[in-house]
Structures are given as C-alpha cells and as structure tokens.
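Each residue of the sequence shown is one higher than the one before, counting from 198 in our numbering. Working notes, beginning with the structure itself.
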Amino acid sequence: MKWKNNSGLAGTMLIMIAGGIMIAFSINGNTGRKAIHQPGAMDRPNIILFYADDLGWTDLGVQGSDFYESAAIDRIANGGMKFTQAYANAANCAPSRACLISGLYTPRHGVYTVSNADRGKSSERKLIPVRNTTVLNRKFKTLPEVLKKHGYATCIAGKWHLSDDPIPYGFDINFGGGERGAPGSYFSPYNNPALPDGPAGEHLPDRLSTEVSHWIRENAGNPFFVYFPFYSVHSPIRARKDLTEKYARKAPGKFHDHPKYAAMIEAMDQAVQKVMHTLEELDLDDNTLVIFTSDNGPYGRASVAKPLRGGKGMFYEGGIRVPFFVKWPGVISPGTVSDEPVIGLDIFPTLLEATHISTDMALDGKSLLPVLKGSKTPMERALYWHFPAYLQMYKADRGFGDSHDAPYWRTTPCGVIREGDWKLIEYFESGDIELYNLKNDPGEKNDLSKIEADKTARMYAKLRAWQKQTNSPIPETLNPDYKH
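Structure representation (structure tokens):
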C-alpha cells in the first residue's frame, strides 16, 4: 500500500482477491466508490477515537450547553452509549494522553504534567515537586502498537504531545502530531513540521479531517485504527470568522457565552461529521467502533464546566469529568446512558476485548464491553489520580474561586480517590483532606471529611495503599525559596 502524506492526493492499493490475484487500483479522495474488502478482514471492528483537547463536561449540546452547537458529536452520543460519570486520566494534557496510550496510571510512566513540575513562582511553592517526564518511555507498549501487531492499519491525526514523533509508538502515518501541546497556527501556514502547509487560510480541523478521510479510503479493505486527537479547543482561542460572527449574534447561554470558543467547537464538530460521513459513504459505519471523549476540563479563560466545580488543571469534577460517548452499531443500543464511573484508562482494555486481542499486559483500566452490552452490574472499583506537581492559576480564569489553592494555584501537589459516590482529595502541602458525596453534591460544595470521619479514614487508607503499590512519589522536601 502506498500513500503520500499530502492533502488531496490519491493513493494506490494492492488488494488480494480469491485465487491470489492482486489487483491494483487508485482511489481519489473525493470519490464515492465503495471499498473492496479482503475476505475475513472485517471480522473485527474498525476503530475511531476522537480525543478533544480541553473540552469541558458541559461544552456540547448533548451535554446540556444552550450556547455551543455540536450536531455531529451529539449524534454519536445519541447513537450509542453516553457515560454521565466519565473521567479524564489527568487534569491537563500530556499526562492524560500518556495514560490513554499506555493504559497505565501516571506513577507508572512518570508523565505527571506538561513541561516542568515546578510551574509558577518558587516563592509560592512550599514543596519541591518531583521531576516530571515529558517523553513517554518506549519501553511501554502502546495501544496503536498492539493493534498494529494484530493486523490493524494505524493513523494519528492531530496532537501527540508525548515525543517529537509518534511513528515509533505504533502508527503507520502521522498527520500533524509532534511534541507541541498547542498548534503553531489554526490556519495555514501551520508552522508544523509534521503537516505540510495548505492553501493560505486553510483551517486546521478541516485539513486534519480531510487527511483522515483520504486515509480511511485507502485502508478500507483492512481493519483500521484512527486516533484523532484534536488540537481543538486548546488555546490560542482562534476561530473561523464566519462561525465567530454566527455566535456573536447568538444570545448568551446560562453558563456559556464565548463566540470564538463556540466557533472552535462547531469547527471541530464539522471535522467529526466529515469523518463520519466518509464511514457512511463507504458502508463502514456499521462495523466501526467510535469513541468521543476529552483529555481534561475546560480552559478557564474561555469556558466553565458549571454546575461542576473547577476546570482544567484542577482535580475537582470540572477539571477531570469529561464527555464520553461510545457508538458501535449492533453491539451498543442507541440512546443508552450509563452512570457507571469510568476513566480514559478503560479505553485500552475495552478495545483489546472488542478486537479479540489477548495479551499479558497489566493494564490499569477495565474493559467497558460488559457495560456497553447492557450489563447493570457495578464495576466495584476505585479510580485514582496522582499529581506531585504545581499548576499556576490563569489570569482571568473563570473558575478562579473554585481552587483550593487560590489565588496562586489551580492545584498544588495532591492525590485523589473516587469510589462509589464518594471522592477524597489529599493536598500534600498542608495535609488537608476533603471528602465529597458526588451523588448528593456533584458541585463539591460541602466537605464532609469531619462529619464522615470513618469514611474519610477508610478512603484515605485505600489511597495510601494505592500510592504505595504504584510507587507514587510524594513531595516532602521543603522549598527554601518559600516565603510564607
């Protein structure tokens, strides 16, 4: 199979049909020609994993926004299962992605945050944080690597953020992924060595979805895995003029009112629609498992996750609870909703079970396939987060008052456990512990740690046991620059 990494170019496929005859033919990216499938190749589903950047829990129409519009993403949610209590692996970009791609909690791979762990002013940091890892170690087997080994064609289009090149991690082709956490530009010229410039003014979400659609056409005869980690809606907040003007004319919503941010969401939604239309055009939609989720909560200068507390960089619900939808026709009943607490780490084992791949990997998540097929049996487990670093507060952050550590920090070093309806947060600087009943108090307004002392003690002991089991580094050394 040959492919040139240029938008709009046709590729050449060699397909083996009955009798061992090889047929070569070309497909133009704009044609509606149906794919020729290899016999037996489609026994396993194709997979498309849409991974939005900084998209908050309520930043979609299907999630309750009365300002943002997301028709295509809403159709994915309504066409399959929507999880109401789904979590990101971390409260910011790189660690969430490292967990997703490796299937491991942060202490196992050491990617805890973006860039250095000692963010912000040293004089405000009481502790010396642990050293952060910015490149995912190649010793960890990745999801695309395992899928590729078992016959899947693999593609990444968008934000990688775990090294300078995603190809060695199991991808056949890369459209635009590198070490950077934000796009060089949302409009061509892109200032991106992994994505040749298009016509001046070409929009990044549209370009990436075009590349993915072409690639799907070229690989429609084999099982394929598309990892589509959007740069959207990460800062800088830059959007198409036509969409910005549309939302500038729209009445503000209850919580959302940012025209450019709304325009970025709709442009991402249009990119999703282009890919979904390609599947339908090739008659692949019935055999494709589609996941849509986000890496963390919303960017505080542009959006909020209300009624949840906090946003990106905080370990309150607004920073880590995210949209999470799975569509798989014939397996998942349309319009179903699950209240099961799930996490991005569950994607790796779910896809292994869905594709009938057996491995001896010790993954930290659990397969969601029983839930997706309708099981009502609770998964009976705890979810964990570990953050031994600092994240400074944004100026003009809309969630400013939500932080435990305002005015300087979105968060200081902490550990978190969610089990059943309960969530406990431990702050390593002060030793403060907070306990919330999320069923009764999803906005985390009422700390019950003193009232529910026994529950607090049990959950704290369980968090400590997990930290010990995973060799989670806990900052303890005092910072001599600290001024308080």
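Even for Gly, the Cβ is constructed at its ideal location relative to N, Cα and C.
Got a sec? Which residues, its chain only, sit under 7 Å from residue i by beta carbon, not counting five neighbours each side?
i      : result
Tyr576 : Sequence check: residue 576 is Met here, not Tyr. Here the set comprises Glu537 and Lys563.
Gly237 : With a pLDDT of only 40 at Gly237, under 50, the local geometry of the prediction cannot be trusted, and the value read off the model is given with reservation. None.
His553 : Arg241
His400 : Tyr383, Phe384, Arg437 and Ala464
Ser406 : Ala468, Lys471 and Val472
Arg328 : Ala314
Lys451 : Asp263
Thr667 : Tyr302, Pro304 and Arg305
Lys231 : Reliability fails at Lys231, whose pLDDT of 43 lies under 50, so the model's placement of it is uncertain and no value is given.
Leu392 : Phe372 and Gly373
Could you spell out the range, first to last residue, of the alpha helix (DSSP H) harbouring residue i?
i      : result
Pro682 : Because the chain is modelled from 198 through 681, residue 682 falls outside the range shown and cannot be assessed.
Tyr387 : Counting along the chain, Tyr387 falls outside any alpha helix (DSSP H), and DSSP gives it neither H nor E.
Tyr444 : Lys438 to Ala445
Val472 : Pro456 to Glu478
Ser406 : Leu401 to Glu415
If you follow the beta strand (DSSP E) that residue i is part of, which residue opens it and which one closes it?
i      : result
Ser669 : Where Ser669 is concerned, there is no enclosing beta strand (DSSP E), given that its DSSP letter is neither H nor E.
Leu246 : Asn243 to Ala249
Val430 : Unbroken run through Val430: none, as it is neither H nor E.
Leu486 : Thr485 to Ser491
Phe372 : Ile370 to Phe372
Could you pull out every residue in the same chain whose Cβ sits closer than 8 Å to the Cβ of residue i, ignoring the five residues on either side in sequence?
i      : result
His453 : Thr255, Asp256, Ser262, Asp263, Phe264, Tyr265, Ala459, Ser500 and Val501
Leu675 : Lys323, Leu324 and Ile325
Gln589 : Arg316, Gly317, Lys318, Tyr605, Trp606 and Arg607
His347 : Thr552 and Ile554
Pro390 : Gly375
Gly217 : Note that Gly217 scores a pLDDT of 37, beneath 50, so its modelled location is shaky and nothing firm can be said.
Pro639 : Pro504, Leu505 and Glu514
Arg578 : Lys563 and Glu616
Cβ of residue i within 6 Å of any heavy atom in the ligand MN?
i      : result
Asn329 : The ligand MN is not among the ligands present in this structure, which contains no ligands whatsoever.
Report back the beta-carbon spacing between residue i and residue j to the nearest angstrom; my notes put them in contact at under 8 Å.
i      : j      : result
Pro456 : Phe427 : Actually they are not in contact, since the Cβ atoms of Pro456 and Phe427 sit about 19 Å apart, beyond 8 Å.
Thr310 : Ala283 : Actually they are not in contact, since the Cβ atoms of Thr310 and Ala283 sit about 21 Å apart, beyond 8 Å.
Gly510 : Asn289 : 5 Å
Asn643 : Trp619 : The Cβ separation is near 12 Å, so there is no contact.
Asp482 : Tyr248 : Contact flag wrong, Cβ pair sits at about 20 Å.
Leu565 : Thr547 : 5 Å
Glu616 : Ile622 : At roughly 13 Å, the Cβ-Cβ gap does not stay under 8 Å, so Glu616 and Ile622 are not in contact.
Asp602 : Gly507 : Not a contact, Cβ separation roughly 11 Å.
Leu479 : Ala417 : 5 Å
Ser737 : Tyr496 : Any answer about residue 737 is impossible in this case: the structure gives the chain only from 198 up to 681.
Asp394 : Gly375 : Not really, about 15 Å apart at Cβ, beyond 8 Å.
Cys611 : Tyr591 : Contact doesn't hold; Cβ gap of about 18 Å is too wide.
Val528 : Lys573 : Not really, about 17 Å apart at Cβ, beyond 8 Å.
Val539 : Phe280 : 5 Å
Phe422 : Pro363 : Between Pro363 and Phe422 the Cβ distance is about 13 Å, and since that is not below 8 Å, they are no contact.
Trp663 : Tyr581 : 5 Å
Ala585 : Pro672 : In the sequence under discussion, the amino acid at residue 585 is Pro, which differs from the Ala named in the question. Yes, they are in contact, since the Cβ atoms of Pro585 and Pro672 sit about 5 Å apart, within 8 Å.
Starting from the C-beta of residue i, find all residues in its chain whose C-beta is less than 6 Å away, skip the five residues before and the five after it, and write them out in chain order.
i      : result
Lys680 : Ser320
Ile413 : Thr475
Lys345 : Thr351 and Gly367
Met656 : Ile614 and Leu621
Ala285 : Ser293, Asp492, Asn493, Ile517, Val519 and Gly541
Tyr424 : Leu246 and Ile353
Ala436 : Lys457, Ala460 and Met461
Met239 : Note that Met239 has pLDDT 48, beneath the 50 cutoff, so the model's placement of it is unreliable and the number below is only indicative. Closer than 6 Å at the Cβ level, and outside the excluded window around Met239, lie Asn484.
Arg446 : none
Val259 : Asp271 and Ala274
Asp678 : Ser319 and Ser320
Subject >> Those runs of the alpha helix (DSSP H) which lie wholly inside the segment 552 to 630 and span at least 4 residues >> reply: Qualifying alpha helix (DSSP H) stretches, in chain order: 566 to 569.
Subject >> Whole beta strand (DSSP E) elements within the segment 256 to 304, 3-residue minimum >> reply: 278 to 280
**OP:** Kindly confirm or deny that the segment 632 to 650 and the segment 519 to 529 touch, where touching means at least three C-beta pairs closer than 8 Å.
**Re:** no
**OP:** Pair every Cβ in the segment 332 to 341 with every Cβ in the segment 379 to 386, then say whether three or more of these pairs are closer than 8 Å.
**Re:** no
Original post:
At which residue ranges does the segment 516 to 553 contain complete alpha helix (DSSP H) runs of 4 or more residues, listed in the order of the chain?
Top reply: 544 to 551
**OP:** Please list the segments of the beta strand (DSSP E) lying wholly inside the segment 313 to 354, counting only runs of 3 or more residues, in order along the chain.
**Re:** 350 to 354
Subject >> Three-pair Cβ contact test at 8 Å for the segment 264 to 280 versus the segment 503 to 518 >> reply: no
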